[in-house]
Amino acid sequence: MPFSKVPGKKKEHKVVIYALSTCVWCKMTKQFLKDNEVEYEYIDVDLSEEKEKEHVRQHIIEKGGDLSYPTTLVDDTILITGFRKDKLKEHLQL
Amino acid sequence: MTQISIDAVRARAEADARTNGYYLIPDQELLQLFLEGLKVNEERYGYPTCPCRLASGKLESDRDIICPCDYRDPDVQEYGACYCRLYVNKKVYESKDLPSVPERRPLEKQAPAYRGSSKQQEQKPEATAAPSQAKQKLWYCKQCGYVTYREEPPYLCPICKAKRELFAELKTTVEYSG
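If you read the sequences in order, they're chains B and L. Counting from 19, one number per residue, gives the positions in the first sequence under the numbering used here. Counting from 724, one number per residue, gives the positions in the second sequence under the numbering used here.
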């Protein structure tokens, strides 16, 4: 899938955000990680090709998510639904 | 392509909040982002789908997430805010403490937004369009008489806030004579 990478000083964890370009809480999540200098990758699902959307759907469901945006995956194991500063801080040690 | 101004989007949301006794999210910066999201979706799809949900671009599948979505009223009633938290009740507006609102939209309603639009799949909607439309019915609110045409009755009547149980199917027959 074509993810966009946002560089940051903190690279201890692999952080991936499934987002929508129109979603306010997705923007807040991206901004929060940027402000905390966390490196992350994201995909705006609404701007993606159809086959990519299906991949995203399968992947989120496989990880136990409920297709809400943003869905953040930390190290491909910890799934965070919505803009949850507390959970991001906890799992990314911020 | 539909063109709409951000002021028109704001005026519509404010009027709808006023009509229903709701408030818009108190943070003005976030409110602006919500309005921009709605504007983008309206210009992209021709109707303002929820900025927090993935739309299919097909009105038939997106009808329930046109803002204000079908799930707003029960969500505001239960959690004090809609799924996006664009619409909130007075308590949330005054406390500025936004609740967490889980997704109420069923997964099967979300599925069309993820279906591919390859040539093979493009033929599917046409083939299924007729049965899908056939599922739509007329429903009326037994409390205030509001009538709507859709697959299922709304969670709450948008006019008098009666619960779904107070909706009944309105059956019509057309007779030809002479």
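Beta carbons are placed, not taken as given, at the ideal position from N, Cα and C, and that holds for glycine.
Beta-carbon proximity check, Tyr60 (chain B) vs Ser22 (chain B), cutoff 8 Å: Against the first sequence, residue 60 (chain B) aligns to sequence position 42. Against the first sequence, residue 22 (chain B) aligns to sequence position 4. Yes, these two residues count as a Cβ contact at 8 Å.
Under 7 Å by beta carbon: chain B residues contacting Ser728 (chain L): Here residue 728 (chain L) refers to the residue found at position 5 when the second sequence is read from its first residue. Here the premise fails: no neighbours, minimum Cβ distance about 17 Å.
Chain-order list of residues whose beta-carbon lies under 6 Å from that of Tyr770 (chain L) (same chain, five-residue window excluded): Residue 770 (chain L) sits at position 47 when you count from the first residue of the second sequence. The answer, listed in chain order, is Ile789.
Per-residue DSSP class, three states only, for Asp820 (chain L): Translated into the one-based positions of the second sequence, residue 820 (chain L) becomes position 97. Asp820 (chain L): coil per DSSP, three-state reduction.
Closer than 7 Å at the beta carbon, the chain L residues around Thr40 (chain B): Here residue 40 (chain B) corresponds to residue number 22 of the first sequence, with the count starting at 1. Result: Gly760, Val763, Asn764 and Pro774.
For Thr896 (chain L) and Arg102 (chain B), the rounded distance between their alpha carbons: In the first sequence, counting from the first residue as 1, residue 102 (chain B) sits at position 84. In the second sequence, counting from the first residue as 1, residue 896 (chain L) sits at position 173. Each residue's alpha carbon lies about 53 Å from the other.
contact_flag[the stretch 22-38 of chain B, the stretch 53-73 of chain B] where n(CB pairs < 8 Å) is 3 or more: yes
Ile788 (chain L) - containing beta strand (DSSP E), residue span: The count along the second sequence starts at 1 and reaches residue 788 (chain L) at position 65. Segment: none, Ile788 (chain L) is in no beta strand (DSSP E) and carries neither H nor E.
Same chain, Cβ closer than 8 Å to Gln866 (chain L), five either side skipped, listed in chain order: In the second sequence, the residue the question calls residue 866 (chain L) occupies position 143. Answer for Gln866 (chain L): Cys880, Cys883, Ala885 and Leu889, listed in chain order.
Proximity below 8 Å, CB of Val63 (chain B) to CB of Lys71 (chain B): On the first sequence, position 45 is the one that residue 63 (chain B) refers to. On the first sequence, position 53 is the one that residue 71 (chain B) refers to. Yes; because the gap between Cβ atoms is below 8 Å, this pair is in contact.
Selection of the stretch 736-760 of chain L by Cβ proximity to chain B, strictly under 7 Å: Leu753, Leu756, Phe757 and Gly760
Tyr87 (chain B), enclosing beta strand (DSSP E) - first and last residue: As a position in the first sequence, residue 87 (chain B) is number 69, starting the count at 1. Run containing Tyr87 (chain B): none; DSSP gives neither H nor E here.
Amino acids of chain B, ordered along the chain, whose beta-carbon sits closer than 7 Å to that of Ser823 (chain L): Locating residue 823 (chain L) in the second sequence gives position 100, where the first residue counts as 1. Within chain B, the residues near Ser823 (chain L) are Gly100.
Environment of Ser728 (chain L) [buried if 16+ CB atoms lie within 10 Å]: Walking along the second sequence from the start, residue 728 (chain L) turns up at place 5. It is exposed - the Cβ of Ser728 (chain L) has fewer than 16 other Cβ atoms within 10 Å.
Same chain only: Cβ atoms within 7 Å of Asp739 (chain L), ignoring 5 sequence neighbours per side: Within the second sequence, residue 739 (chain L) is the residue found at index 16, counting from 1. Answer for Asp739 (chain L): Pro791, listed in chain order.
Where the beta strand (DSSP E) containing Arg873 (chain L) begins and where it ends: In the second sequence, counting from the first residue as 1, residue 873 (chain L) sits at position 150. Taken as a continuous stretch (DSSP letters only), the beta strand (DSSP E) holding Arg873 (chain L) covers Val870 to Arg873.
For Leu38 (chain B), the three-state DSSP class (helix, strand or coil): Locating residue 38 (chain B) in the first sequence gives position 20, counting from the first residue. In the structure shown, Leu38 (chain B) sits in coil (DSSP, three-state: anything other than H, G, I, E or B).
Segment limits, beta strand (DSSP E) that includes Lys27 (chain B): Along the first sequence, read from residue 1 onward, the residue named residue 27 (chain B) stands at position 9. No beta strand (DSSP E) holds Lys27 (chain B); DSSP gives it neither H nor E.
Distance between beta carbons of Thr89 (chain B) and Ile78 (chain B), contact taken as under 8 Å: Along the first sequence, read from residue 1 onward, the residue named residue 78 (chain B) stands at position 60. Along the first sequence, read from residue 1 onward, the residue named residue 89 (chain B) stands at position 71. Going by Cβ atoms, the distance from Ile78 (chain B) to Thr89 (chain B) rounds to 5 Å, so yes, they are a contact pair.
Contacting residues, own chain, Cβ-Cβ under 6 Å from Ser841 (chain L) (five flanking each side not counted): Position 118 of the second sequence, counted from the start, is the residue given in the question as residue 841 (chain L). Bear in mind that the predicted position of Ser841 (chain L) carries a pLDDT of just 41, short of 50, making it unreliable; the figure below should be weighed with that in mind. Contacts found: none.
Minimum Cβ-Cβ distance from Asp62 (chain B) to chain L less than 8 Å: As a first step, residue 62 (chain B) is located in the first sequence; it is residue number 44 there, counting from the start. Asp62 (chain B) does not count as touching chain L.
Close Cβ partners of Leu97 (chain B) (< 7 Å) along its chain, the five nearest in sequence each way excluded: The count along the first sequence starts at 1 and reaches residue 97 (chain B) at position 79. So the qualifying residues of the chain are Lys81, Gly82, Gly83, Thr89 and Leu91.
Chain-ordered neighbours of Tyr878 (chain L) on chain B, where CB pairs are closer than 7 Å: Taking the first residue of the second sequence as position 1, residue 878 (chain L) is located at position 155. Neighbours of Tyr878 (chain L) on chain B: none; closest Cβ ~19 Å, over 7 Å.
Three-state class that DSSP yields for Ser840 (chain L) in the structure shown: Position 117 of the second sequence holds residue 840 (chain L). Bear in mind that a pLDDT of 44 at Ser840 (chain L), under 50, signals an unreliable position, so the number given afterwards is only what the model happens to contain. Looking at Ser840 (chain L) - three-state DSSP - the assignment turns out to be coil, as it is neither helix nor strand.
Run of the beta strand (DSSP E) containing Glu59 (chain B), from where it starts to where it stops: Here residue 59 (chain B) refers to the residue found at position 41 of the first sequence. Tyr58 to Asp62 is the extent of the beta strand (DSSP E) around Glu59 (chain B).
Beta-carbon proximity list for Leu809 (chain L), same chain, < 6 Å, skipping 5 on both sides: Here the question's residue 809 (chain L) lines up with position 86 in the second sequence. Here the set comprises Ile748 and Phe757.
Residue closest to Leu777 (chain L), alpha-carbon to alpha-carbon, out of L:Ala834, L:Asp793 and L:Glu752: As a first step, residue 777 (chain L) is located in the second sequence; it is residue number 54 there, counting from the start. Nearest option by C-alpha distance: L:Ala834.
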